[in-house]
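Notes follow once the structure below has been shown.
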Amino acid sequence: MSVTTILLFIIFIIVYRFLTKKSSSNQLSLPPGPIPLPFIGCTIQMLLNKQNFPGWIHKFMDKYDTPILCIRLGPSTHVVVVSSPDLACEFLKKQDEVFISRPDFMSAYLISGGYLTATVSPFSEHWRKMKSIVNQEMLSPRIHKWLQPKRDKEADLVLRYICNQIEKQDAIVDGGLINLHIVSQHFFGNLVRNMVFGKRLFGQGMEDGGPGEEETEAMDALFTILKYVYAFCITNYLPWLRWKTDFDGHEYIMRNAIDIVRKYQDPLINERIQLWNNGDRKEKCDLLDVLITHENPKLTPEVIKAQTVELMIATIDNTSNVIEWAIGEMIKEPLILKRAVEELDHVVGRKKLVEECDLRQLNYLKACIKETFRLHPFVPFLPLHVSTKDTTIAGYFIPKSSHVILSRFGLGRNQNVWEDPLRYDPDRHLRGEGKQVFLSDNDLKLISFSTGNRGCPAIM
Ligand code: HEM
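Read in order, the letters of the sequence shown are residues 0 to 459 in numbering that gives the first Met the number 0.
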């Protein structure tokens with residue numbers, strides 16, 4: 000062994016001990032988890048299991064028989080996974096202020112144009128400002144009401160599209176085949192485009208009301224972004240690998256998808272800014288106008304463009320997913336479908352269309368939706384939260400900058416919480432005299448809209 004090798008080895012040990020000193024010098028131990036290797040932690044194991052990262056994590060939780068697990072990735076990132084409601088409340092309710100941040104990930108950085116936005120940006124004063132704009136001026140009760148005609152129109156159009164599909168198949172009596180995936184995804188795509196840009200389509204669409212080439216390309220790109228945004232990517236934990244190479248190809252995929260989305264959106268935003276600057280537009284008609292005319296602070300075009308991308312992403316995933324799964328479950332269980340239809344007949348009747356204001360009385364339907372959130376979340380984990388200082392949870396030390404993952408499967412399918420957890424049973428949310436179903440999940444026994452500073456501001 001050469002002297003250089005020995006020297007390098009000694010430096011490696013010293014740096015490693017320096018980096019890991021914090022947790023070992025603390026009196027409390029970290030939550031249980033696999034023993035990490037120096038410098039790389041469990042990154043190689045993670046890499047080998049990256050096709051089924053959630054499965055790998057849950058296997059460890061079973062192995063250690065723990066509702067809180069700690070895996071070290073790279074030299075210093077502690078990834079803490081939680082699967083019990085009590086602990087979840089400790090993180091997101093009792094110590095919400097501590098876990099208010101998000102991780103510094105390549106994907107998040109790219110989507111948000113360098114952390115200019117409200118959802119994926121780590122904690123900062125700018126983030127607080129953006130979150131307040133989104134909460135109070137884009138998703139407030141007043142704006143929700145203001146946008147109602149756009150939602151009503153889209154509901155009408157989607158119904159027309161479904162009828163067209165049935166007619167095309169000449170199957171009014173026997174029923175037609177509807178691609179629910181297309182219907183649900185494009186319903187929300189058209190809807191959010193209309194709310195943001197004041198136009199449902201980027202192109203001409205199809206004659207039967209279905210998505211055209213442009214809408215399909217834009218939606219596919221948005222779902223690609225959603226797939227990769229918090230996917231396991233090795234360079235997030237070993238950032239020096241990024242210096243020369245896009246090691247696992249995620250950066251290329253993300254950049255490509257973001258380019259596609261912005262190719263459609265940015266020209267519309269530039270054009271609209273120009274109209275306001277020239278004084279050729281005077282009335283606010285959609286959320287883009289709200290962003291452009293915002294004062295104190297005035298938002299730059301870059302902020303508006305990045306926030307708009309994020310709004311599109313936030314709107315389409317959970318919404319379309321819950322429709323697909325709920326109807327899928329109902330088709331599998333015809334008695335559940337029958338009860339939902341009976342409730343609609345009773346509350347709304349067959350002579351008029353369902354309106355948003357009917358939802359309050361559609362308790363069984365809400366129970367179905369809530370049960371779908373529990374059993375079939377869009378992704379297995381909540382977006383990552385990051386701790387802003389050292390803290391203690393359930394007697395364990397949680398170091399500053401830990402990445403906290405609430406497992407939606409771990410909570411929603413937890414057999415200590417739910418009886419027969421894999422059974423789709425909307426009635427479990429209805430037990431109790433005259434029980435009103437709320438879709439929110441304040442005690443975090445399941446994740447629908449989450450809670451606290453980073454909770455979903457669009458619950459309404
Ligand atoms: C069924 C519908 C929806 C569900 C179940 C849902 C659920 C969620 C969840 C679980 C989070 C993460 C919370 C956390 O990290 O603790 C979130 C964040 C967020 N959602 Fe929603 N969401 C829905 C629809 C929407 C819509 C339609 C919009 C916008 C129009 C929206 C905007 C946001 C934003 C801006 C955040 C980020 C909050 C932050 O990081 O501070 N969501 N949502």
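Note that the Cβ used here is the ideal one computed from N, Cα and C, for glycine as well.
| Item | Value |
| --- | --- |
| SER23, DSSP secondary structure in three states | With a pLDDT of 48 at SER23, under the threshold of 50, the modelled position of this residue cannot be trusted; read the value that follows with caution. It is helical. |
| Residues bridged to GLY40 (per DSSP) | LEU36 and LEU72 |
| HIS127 versus PRO102: straight-line alpha-carbon distance, rounded | Contrary to the premise, residue 127 reads as Arg rather than His in this sequence. Cα to Cα, the separation comes out at about 16 Å. |
| Reduced DSSP secondary structure (H/G/I, E/B, other) of TYR395 | strand |
| Selected residue, minimal CA-CA separation from LEU29, among ASN277, LEU156 and ALA393 | ALA393 |
| Beta-carbon contacts of HIS428 that lie in its chain and below 7 Å, excluding the five residues immediately before and after | ALA366, LYS369, GLU370 and VAL436 |
| PHE104 versus MET194: straight-line alpha-carbon distance, rounded | 29 Å |
| Near ligand 1: ALA366 beta-carbon under 7 Å from a heavy atom | no |
| Secondary structure, beta strand (DSSP E): runs of 3+ residues fully inside the segment 330 to 409 | 390 to 392, 395 to 397 and 402 to 405 |
| Residues that DSSP places opposite SER100 in a beta bridge | VAL385 |
| Spatial distance of PHE186 from HIS249 (CA atoms) | 28 Å |
| ILE315, DSSP secondary structure in three states | helix |
| Where ILE165 falls: helix, strand or coil (DSSP) | helix |
| Residue(s) in a DSSP beta bridge with ILE67 | VAL81 |
| Burial state of ILE397 (16 or more Cβ within 10 Å) | buried |
| Residues of its chain near PHE246, where Cβ-Cβ distance is below 7 Å and the 5 sequence neighbours each way are ignored | ILE233, THR234 and LEU240 |
| 8 Å Cβ cutoff met for GLY188 and ILE315 | yes |
| Backbone secondary structure at ASP61 - three-state DSSP | helix |
| Cβ-Cβ distance between ILE110 and LEU221 below 8 Å | no |
| Secondary structure of GLN203, DSSP reduced to three states | coil |
| 7 Å CB neighbourhood of LEU445 in its chain, flanking five on each side removed | PHE372, ARG373, LEU410 and GLY411 |
| Continuous alpha helix (DSSP H) assignments of at least 4 residues falling wholly in the segment 100 to 131 | 105 to 110 |
| Neighbourhood of TRP55 by C-beta, 6 Å cutoff - its chain only, sequence neighbours within 5 removed | ASN48 |
| Endpoints, the alpha helix (DSSP H) within which HIS180 is located | 179 to 196 |
| THR371 CB to nearest heavy atom of ligand 1 below 7 Å | no |
| Buried/exposed call for LEU36, threshold 16 Cβ in 10 Å | exposed |
| Simplified DSSP state of ALA220, which is helix, strand or coil | helix |
| Span separating the alpha-carbon of PRO382 from that of PHE98 | 12 Å |
| Whole-number beta carbon distance between GLY175 and GLN164, since they are thought to touch under 8 Å | 6 Å |
| Own chain, CB closer than 7 Å to LYS21, minus 5 neighbours either side, in chain order | Note that LYS21 has pLDDT 49, beneath the 50 cutoff, so the model's placement of it is unreliable and the number below is only indicative. Excluding sequence neighbours, LYS21 sits near PRO398. |
| Environment of LYS130 [buried if 16+ CB atoms lie within 10 Å] | buried |
| Whole runs of the alpha helix (DSSP H) within the segment 257 to 323, excluding any shorter than 4 residues | 286 to 291 |
| Distance CB(PRO31)-CB(TYR63) smaller than 8 Å | yes |
| Among THR307, ASP288, ILE224 and CYS284, the one whose alpha carbon lies nearest that of GLN264 | THR307 |
| Touch test, the segment 324 to 338 against the segment 223 to 233, Cβ-Cβ under 8 Å, three pairs minimum | no |
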